[in-house]
Amino acid sequence: MRINYNVQAMNANLALNKADSRVSKAIGRLSSGLKIAAAKDEPSGYAISKRMNLQIEGLSRATQSSNDSINIISIADGALQEVTDMINRMSELAVKSATETMTDDDRVLCQDEIAQLKKEIQRVADTTEFNGQTLLDGSFDLKGYTDNLSVKIATYSDETPVGKYTLPALSLTWDGDRLDSATVADNNAVVFPTPEYPANTKVSSVDGTLMTITGDGDFSITLDLAALVGTNSVTTTKMDITGLGAMDMQIGANEDQILSIRIPKLSLQLMSIDDADVSTQAGASRLIEDTKSALTYVNDLRSRLGAYQNRLEHTVETLGVTSEALTSAYSGLVDADMAEESVEYSTAQIISEASISVLSQANDRPSSALQLLQ
Numbered sequence: 185m186r187i188n189y190n191v192q193a194m195n196a197n198l199a200l201n202k203a204d205s206r207v208s209k210a211i212g213r214l215s216s217g218l219k220i221a222a223a224k225d226e227p228s229g230y231a232i233s234k235r236m237n238l239q240i241e242g243l244s245r246a247t248q249s250s251n252d253s254i255n256i257i258s259i260a261d262g263a264l265q266e267v268t269d270m271i272n273r274m275s276e277l278a279v280k281s282a283t284e285t286m287t288d289d290d291r292v293l294c295q296d297e298i299a300q301l302k303k304e305i306q307r308v309a310d311t312t313e314f315n316g317q318t319l320l321d322g323s324f325d326l327k328g329y330t331d332n333l334s335v336k337i338a339t340y341s342d343e344t345p346v347g348k349y350t351l352p353a354l355s356l357t358w359d360g361d362r363l364d365s366a367t368v369a370d371n372n373a374v375v376f377p378t379p380e381y382p383a384n385t386k387v388s389s390v391d392g393t394l395m396t397i398t399g400d401g402d403f404s405i406t407l408d409l410a411a412l413v414g415t416n417s418v419t420t421t422k423m424d425i426t427g428l429g430a431m432d433m434q435i436g437a438n439e440d441q442i443l444s445i446r447i448p449k450l451s452l453q454l455m456s457i458d459d460a461d462v463s464t465q466a467g468a469s470r471l472i473e474d475t476k477s478a479l480t481y482v483n484d485l486r487s488r489l490g491a492y493q494n495r496l497e498h499t500v501e502t503l504g505v506t507s508e509a510l511t512s513a514y515s516g517l518v519d520a521d522m523a524e525e526s527v528e529y530s531t532a533q534i535i536s537e538a539s540i541s542v543l544s545q546a547n548d549r550p551s552s553a554l555q556l557l558q
């Protein structure tokens, strides 16, 4: 029997400390609901959980960004619906003015309404906004540039490869202020040179002051030659097709997970109604065809926006499913099992109380040595 070192009491104290530690952990998990609240609880699991939480937060913001994109498209499409109605009204006025039962004075009245409709269409293009950003003025259309101030790139197709092109010298003929024809100045060059251009690239159409060149693979570039009205030629021009300018929307939680939303410019010129005039019967007859072209342009624009909207709605659904799955995995990694922790708490509490009782008895044992001295 020893009295200097009470080993039994030391063992009981060690067991008590362990039990207290288990009780503390169980209380912490039960009170926070977390199995991993700090890096010391499980270093690898803590690191994984933080990366996973970052992904979940990113998906949440990507969902908001996708919903914003849907709202942007809805605003643009709503404005284009009104433009469609105005084009239909212009068509009605053109048909009305094209008949010989109308006098010139009657046509002037119709032209007054046409002028107001044109102004309203332009106003819609200039003022349709989302969060201060104009949507239909070409701000989010693909950009292209030339080295000739008299030649501007109006638009080009999505399939037109990015790069630099040389526009050959062209011969132009005009019918007043409308382009009648545009041909390659070199009589031996019916089509544009390859491989710089796709096969069969040529001037395919002229409309107003616009000239369109097309080639295989849906290659298409439309040029604005308004500054050349009345001239009979255009010199060789360098063109730079950048492929930039679309609205980039973040639709994922990671880098480069973006959707580029291209919103083509809405303009009277591109719709071929910038010179709409029903004050004469000939002008009214021409406007009948021009409104068909205008409606086709607007319908193509709305079709593009509708396709974006459908895609974004699927994107939102996908993000929701992904976020749900990740949240479930995250919960399984960091959330405490309350039933299991309750059992652990009860067990540790009982052991702690037992350790206290045993420690009390172990502390009393050395006092029995006094009996040997009596």
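So the numbering used here is basically just the index in the sequence shown, starting at one, shifted up by 184.
Think of the CB as a built atom: it goes at the ideal place given N, C-alpha and C, for glycine as much as any other residue.
Is the Cβ-Cβ distance between T350 and T420 less than 9 Å? Yes; because the gap between Cβ atoms is below 9 Å, this pair is in contact.
Is the CB-CB distance between S536 and A196 below 9 Å? The criterion of a C-beta distance shorter than 9 Å is not satisfied by S536 and A196.
Nearest-angstrom Cα separation, counted from I257 out to E525: Straight across, the Cα-Cα distance linking E525 with I257 is about 50 Å.
Nearest to L333 (by Cα), restricted to the options S341, A411 and D424: Closest by alpha carbon: A411.
Using a threshold of 9 Å, state whether the C-beta atoms of I337 and D391 are closer than that. Cβ distance not < 9 Å, so I337 and D391 don't count as in contact.
With DSSP run on the structure shown, which of helix, strand or coil describes L363? Residue state, collapsed to three classes: strand.
DSSP three-state assignment for A338, whether helix, strand or coil: Three-state result, A338: strand.
Going straight from the alpha carbon of D310 to that of A260, what length do you get? If you take the alpha carbons of D310 and A260, they lie about 12 Å apart.
By Cβ distance, which residues of its chain are closer than 8 Å to E380, with the 5 residues on each side in sequence left out? Cβ neighbours of E380 beyond the five flanking positions: Y349 and T350.
Whole-angstrom Cβ separation of L454 and M274, contact assumed at under 8 Å? Contact between L454 and M274 does not hold, since the beta-carbon distance rounds to 15 Å and is not under 8 Å.
Range covered by the beta strand (DSSP E) that runs through Y329: Secondary structure note for Y329: its beta strand (DSSP E) is the uninterrupted segment G328 to T330.
Is S233 buried or exposed, if buried means 16 or more other CB atoms sit within 10 Å of its CB? Answer is buried; the Cβ neighbour count reaches 16.
Are the CB atoms of T357 and S365 nearer to each other than 9 Å? Going by C-beta atoms, T357 is nearer than 9 Å to S365.
Please look up how many angstroms separate the CB atoms of A383 and D402, rounded, as I've assumed it's under 8 Å. Contact flag wrong, Cβ pair sits at about 13 Å.
What's the gap between the Cα of T367 and the Cα of T502? Per the coordinates, the alpha-carbon of T367 lies some 50 Å from the alpha-carbon of T502.
By DSSP's criteria, Y481 is part of a beta bridge. Which residues make up the other side? Bridge partners of Y481: none, in fact.
In its own chain, which residues sit with a C-beta less than 8 Å from the C-beta of N237, not counting the 5 before and 5 after it? Cβ-Cβ distances below 8 Å link N237 to Y514 in the same chain, with the five nearest sequence neighbours on each side left out; the list follows chain order.
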